[in-house]
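The block underneath contains the structure these notes are about, expressed in structure tokens.
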């Protein structure tokens with residue numbers, strides 16, 4: 344089974360960290376192909392970055408070979424719906440995967456992301472997935488995405504650990520979801536420290552896509568995820584009439 | 344990895360069909376232990392059957408050895424929350440598993456169950472999981488649970504196929520969820536016929552529990568799924584004061 | 344009119360307190376039959392206790408004579424739906440009764456229960472009844488159910504009173520719902536102290552069931568509360584295939 | 344116990360029918376005072392009628408003596424919130440009472456009202472009470488309110504009965520709520536014919552107010568239903584500046 | 344274009360302030376006719392005041408000449424639905440207008456009103472408009488409506504400014520909605536001070552009604568806002584049967 | 344006032360039709376700058392087209408001069424949130440504008456779009472804006488976007504008119520929203536034919552943006568629509584590790 348894990352931003356260190364997580368967790372027969380689209384923003388911090396990254400991700404997938412399933416490794420689930428139209432295999436965003444998993448393990452969960460500006464994006468996603476009522480809060484650790492790149496950065500870990508403990512106390516949740524693909528290498532350590540399930544989207548999405556591919560299930564093609572329609576010959580052009 | 348697949352009703356043929364599905368789909372290293380609680384109702388058709396079955400299921404688990412993960416193979420997800428309190432490993436109902444999976448594959452899904460009386464139970468579950476808005480309808484094929492026991496029953500298959508086609512047309516959904524553990528052996532054939540993802544809860548729950556166990560994730564024990572409290576010495580008795 | 348008031352746990356002192364409340368509040372012509380199922384957990388603290396208690400309650404009702412209406416005296420509304428299938432007369436849980444009543448008296452209400460682990464159960468019930476938006480918060484006094492058994496326990500009363508005052512301040516609610524059948528004897532005293540409507544589920548459920556029986560209304564039998572279906576001859580058995 | 348039953352419109356025949364229903368159903372010790380405000384619209388068919396009727400109802404209550412509880416006998420629950428501010432005793436609209444009762448008796452209910460224009464008003468009320476998800480549909484029999492005044496009108500009954508049967512079939516509901524105070528005298532006959540619980544708001548509201556008064560519960564006065572504030576000396580006047 | 348701006352209470356100073364705001368913001372061709380109904384409460388503080396004011400407003404509109412569009416200048420949107428039935432042109436409440444506008448400018452907004460008793464009214468309106476999820480909180484500055492009449496009252500401004508700053512900090516909102524028609528003259532100053540969009544309902548409603556009239560759009564007359572039905576000859580009268 | 348009206352697809356005829364509508368409806372002092380991004384898909388039919396179009400739209404805005412307000416003329420509201428981050432003036436999608444306006448004019452509305460595949464996108468948007476409950480249905484006329492380009496195409500008009508009439512009958516709505524920027528030139532004719540408010544997003548968005556700019560309101564910059572963060576020096580690159 345071949346799973347393409349796409350980091351929609353263009354940070355190589357983050358892509359490598361995501362790849363390492365995916366390879367560590369995947370089944371023996373699974374081939375992980377991690378990649379990131381050149382030209383995409385270095386990190387996805389807000390809607391505008393997301394628009395650009397989604398576009399570059401679709402272009403990258405167009406140029407790549409086939410795969411059995413796809414993981415979109417940005418917690419905002421940037422471009423997931425668009426990608427579902429383009430391919431047949433299952434596509435899972437890491438935000439989506441982590442939130443669904445959290446509801447299978449705990450009565451209530453909280454999400455810890457990097458920056459305050461991402462909160463409404465994640466809240467809106469949780470609502471759209473229907474998981475808003477189970478999610479007691481989305482919180483920001485106030486740490487930039489790129490500051491998470493180094494797995495051994497004890498300062499970054501300690502910022503996240505303290506923020507996480509405060510969040511659990513405030514929300515009364517019994518599970519924590521890590522709200523950024525760049526936090527993936529801190530997940531296990533954090534779970535051990537906090538004594539609750541800490542759900543990392545990257546590893547969860549890899550395992551859930553493995554599951555869906557193993558079930559022989561593919562993206563439905565008779566509704567909103569049908570393949571894109573081809574257009575009539577172009578007449579395009581910039582128009583300031 | 345050892346996964347206990349519990350059919351909460353006491354039908355041996357249905358338990359065997361569930362077991363066959365689980366063993367066919369599970370990973371190489373996974374040991375499936377299928378069982379059903381003696382004394383439980385022969386089928387779960389409504390709330391009252393569910394109450395009895397959940398009780399017998401908890402008793403059965405109490406007497407059984409340990410497992411890494413648990414599947415509750417009734418689409419009503421009977422007793423899932425109670426079981427989560429009793430064990431450490433992940434517990435997944437087949438209704439829950441199938442509905443979550445359907446939202447990963449399609450924009451909208453419909454559920455086809457056996458009897459009309461199960462519709463409000465399933466609708467309420469979908470709402471509680473937050474998936475009610477993605478579920479365009481819960482419908483009954485008007486076929487009793489026990490009539491599904493025989494995998495080669497062409498009449499049962501044809502009743503389900505026709506009901507499924509009508510449901511998809513009416514709801515405009517792009518995926519179908521099979522709303523009864525007893526339909527598990529019809530899933531693949533139905534998917535091939537209908538040309539859309541047909542999600543069977545039994546196989547999906549097995550793969551998702553494998554995924555969660557593989558991730559090292561366990562049920563949260565600091566909130567609503569904490570282990571049951573022990574009681575002070577019994578003073579119980581029937582009281583018609 | 345004969346109303347069976349079932350305390351689903353097996354605590355005799357709590358059953359007696361519930362019975363006293365019911366008899367004090369009921370109309371002249373009403374006969375209260377209070378009972379609790381032997382073998383049930385001594386208190387219902389979480390989902391697992393609830394599963395066992397619901398089972399014992401259904402067994403108890405099966406063996407008892409007829410009644411015109413039923414009250415299930417556990418704030419979790421344990422087994423209410425199952426019981427509705429088994430009988431014709433109206434069935435009301437005390438959680439349900441109290442929450443509905445609170446919305447008739449105040450713009451917003453808060454619930455004070457015993458233990459933190461019960462919060463998600465009660466929140467989920469409130470949502471299922473549709474009353475989640477009117478309920479500004481479910482809070483735990485952190486006092487075990489069995490510590491409430493003594494009506495004259497000034498310490499227990501004072502713990503509850505202080506917790507209640509804090510809850511009302513925090514939530515800005517104009518009514519309080521007592522979230523445990525064992526708090527029933529504290530209701531009036533608490534209402535006098537706090538100066539707001541304090542709704543006790545036991546007394547409210549008794550009066551509402553009296554009202555429904557008086558109206559000649561019975562549980563609907565054409566949908567999800569239809570009488571349980573009889574099964575074909577048993578083939579049950581424990582199965583570890 | 345003295346219950347004031349206010350028909351907010353000014354139809355005497357409807358007021359008499361409502362009074363008859365209330366007196367038939369109330370407890371022995373209850374005194375029913377039925378009244379309707381002169382100057383109010385003859386029937387309440389839409390928002391504008393409701394605004395006028397609510398005003399006349401508040402004026403009428405101001406001039407009347409005290410009562411222990413109040414029923415507002417218009418299914419739109421016209422002016423209920425305003426009345427709650429003015430009095431201490433419990434106030435219940437018949438729409439509200441009937442909808443809450445229906446959820447205690449059935450998994451799903453439907454509402455049958457008189458005119459199409461009332462549908463969004465009732466739907467919005469159901470949503471505000473949180474009961475929108477349990478209510479499978481609000482339907483109009485297309486019969487004017489005033490055509491319901493005669494209890495023995497077989498034509499009116501037959502129009503309602505046929506509409507009701509169609510509604511139950513379409514919605515798959517197991518209870519029917521009568522969506523107009525003028526239908527009150529048809530309730531029992533309709534329930535007998537249809538074989539399901541038919542909930543009439545007038546009788547239900549009377550019994551629920553009896554229950555709330557019997558419980559010693561009053562309207563909360565510390566929040567949104569606090570007594571109206573007195574104003575500083577008037578400077579009012581029509582102003583077309 | 345002629346827009347009637349109705350202050351449903353009878354405060355002349357507030358009507359003049361509203362008028363000034365409307366005239367300052369309206370387009371060159373727009374004629375603003377500000378008015379308030381004599382006999383209405385001096386301020387609208389709660390449901391009961393709202394019932395009376397809505398009635399007086401409808402009477403005032405009945406006696407006034409035609410207009411192309413209507414603004415109801417009370418943040419509770421008192422009587423808006425009733426007025427929509429009476430006229431053809433668009434009708435907009437200032438609460439409604441401000442909340443819709445806020446969602447066009449910011450991810451999340453908070454509302455600051457005068458008195459605590461208005462909070463549930465405004466929360467319920469936000470829910471009915473569907474904007475409850477975007478509204479992170481409704482808060483009271485604890486200042487009576489009539490204390491806002493003087494535009495140059497620095498104390499009133501400073502109370503509001505401090506309350507607003509606290510609200511934004513607590514809710515994490517990026518826009519503020521002024522929850523009282525009497526705050527209209529403080530809007531711009533407050534926006535400048537706080538550095539976020541401060542939405543005033545009066546000016547927003549005027550501009551949105553201008554927009555709707557300019558679009559040639561009128562209130563729909565085939566559903567819930569159809570013109571009121573005429574009644575059969577009156578038989579009304581006060582009835583204490 | 345300068346309003347940039349961006350058609351996110353690259354169809355020149357559609358851009359011209361949108362421009363004509365915008366210029367016809369705008370105020371005297373308003374300058375309309377209509378444009379479409381070269382390289383964008385010829386039409387936006389689904390998520391994938393939307394991702395590409397949003398990217399091209401952001402690039403186009405980056406290269407264009409300043410404007411006081413922005414209209415995104417695709418009913419899917421493609422890239423609206425991203426654009427809000429990039430500019431200071433108000434940004435409005437035509438879907439959003441039309442849905443908000445419809446709730447100001449009617450109790451319930453329906454949406455008629457072009458293709459079935461767009462239904463879940465529009466339904467999700469309606470939910471996110473909170474307007475899902477007021478929207479009784481999203482329906483497809485089954486006509487491709489590009490077939491709408493010719494204003495005088497009587498066949499296209501007649502397909503839409505018949506679909507619209509059927510939709511209103513089925514949903515019981517009292518307003519219709521045109522669910523595609525390409526339908527803009529049919530709006531008035533359709534409203535005249537159907538006798539209900541027909542809301543066109545293009546003209547409505549232009550008027551609402553005029554209103555917001557006239558009010559001096561800008562996009563909030565302290566939360567989810569803050570200006571994009573600049574990134575550290577690029578290290579990007581395609582990575583198939």
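Chains as they are written, first to last, in our numbering: chain D, 344 to 584; chain A, 344 to 584; chain B, 344 to 584; chain S, 344 to 584; chain V, 344 to 584; chain Z, 344 to 584. For every residue, glycine included, the Cβ atom is placed at its ideal position computed from N, Cα and C.
State buried or exposed for residue i, treating a residue as buried only when at least 16 other CB atoms are found within 10 Å of its CB.
i	result
residue 513/B	exposed
residue 409/S	exposed
residue 485/D	exposed
residue 414/B	buried
residue 393/D	buried
residue 434/D	buried
residue 352/V	buried
residue 580/B	The pLDDT assigned to residue 580/B is 41, lower than 50, so where the model puts this residue is not dependable; a value taken from the coordinates is nonetheless given after this. With fewer than 16 Cβ atoms within 10 Å of its Cβ, residue 580/B is classed as exposed.
residue 374/V	exposed
residue 573/Z	exposed
residue 467/Z	buried
residue 391/V	buried
Can you check DSSP and say which residues form a bridge with residue i?
i	result
residue 543/D	521/D
residue 376/S	347/S
Give the straight-line distance between the Cα atoms of residue i and residue j, rounded to the nearest whole angstrom.
i	j	result
residue 592/V	residue 358/S	Because chain V here runs from 344 to 584, residue 592/V falls outside it and cannot be looked at.
residue 354/D	residue 558/Z	42 Å
residue 519/S	residue 509/S	11 Å
residue 444/Z	residue 356/V	31 Å
residue 525/D	residue 361/D	7 Å
residue 301/D	residue 400/A	Chain D is shown from 344 up to 584; residue 301/D falls before or after that span and cannot be answered.
residue 350/V	residue 378/V	6 Å
residue 388/A	residue 472/D	29 Å
residue 419/Z	residue 549/A	38 Å
residue 492/S	residue 465/S	21 Å
residue 367/B	residue 405/A	41 Å
residue 346/B	residue 370/S	17 Å
residue 563/S	residue 503/V	28 Å
residue 386/A	residue 490/A	11 Å
residue 517/D	residue 535/D	14 Å
Throw me the rounded Cβ distance for the residue i and residue j pair, which I believe falls under 8 Å.
i	j	result
residue 462/B	residue 481/B	5 Å
residue 565/B	residue 545/B	Incorrect: roughly 30 Å between the Cβ atoms, too far for contact.
So does residue i have its beta carbon nearer than 8 Å to some heavy atom of the ligand ATP?
i	result
residue 472/V	Ligands displayed in this structure: none; no statement on the ligand ATP is therefore possible.
Problem set entry | alpha helix (DSSP H) runs contained entirely in the segment 401-484 of chain B, provided each spans 4 or more residues | 423-429, 437-448, 462-472
For this session: Entirely within the segment 483-517 of chain S and at least 4 residues each: give me those alpha helix (DSSP H) ranges in chain order.
Result: 497-514
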